[in-house]
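What follows is one structure encoded as structure tokens, with my remarks underneath.
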Amino acid sequence: MAAKKFRIEVTADECKGCYRCVAVCPKKLISRGKELNIQGYFPVIVDNPGNCIGCGSCFYQCPEPGAITIYEEE
């Protein structure tokens with residue numbers, strides 16, 4: 001049986017730049033972006049979204065509903 005694959009997506013305009021997700025990602029896939037979003041924050045970016053292991057740490061640490069979504073790949 002093949003290992004499950006996951007992909008993480010960030011909705012930049014929902015991110016308020018608290019960077020909790022950056023601190024908790026065990027694979028270090030998330031980093032601070034360089035461009036402001038419509039709210040005036042530097043949202044996070046996902047450097048290698050396909051390397052997500054689906055642990056959910058970023059999702060559960062994020063205080064903004066809808067900012068982070070984790071998808072299971074088929």
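For what it's worth, the working numbering labels the leading residue of the sequence shown as 1, then goes sequentially. Just so it is clear, CB atoms sit at the ideal spot from N, CA and C, and this is done for glycine as well. All of these numbers come straight from a predicted model, not from anything done at the bench.
Since residue i contacts residue j with CB under 8 Å, what's their CB separation in whole angstroms?
| i | j | result |
| --- | --- | --- |
| G54 | F6 | 4 Å |
Where does residue i fall in DSSP's three states?
| i | result |
| --- | --- |
| C21 | helix |
| F59 | helix |
| E9 | strand |
Measuring straight from C-alpha to C-alpha, what distance separates residue i and residue j?
| i | j | result |
| --- | --- | --- |
| F42 | K4 | 31 Å |
| G66 | K16 | 12 Å |
| K28 | N48 | 9 Å |
| I8 | P63 | 16 Å |
Taking 8 Å as the threshold (C-beta atoms), are residue j and residue i in contact?
| i | j | result |
| --- | --- | --- |
| C58 | C25 | yes |
| V44 | R32 | yes |
Use the C-beta contact count for residue i: other C-beta atoms within 10 angstroms, 16 or more gives buried, fewer gives exposed.
| i | result |
| --- | --- |
| I30 | buried |
| I38 | exposed |
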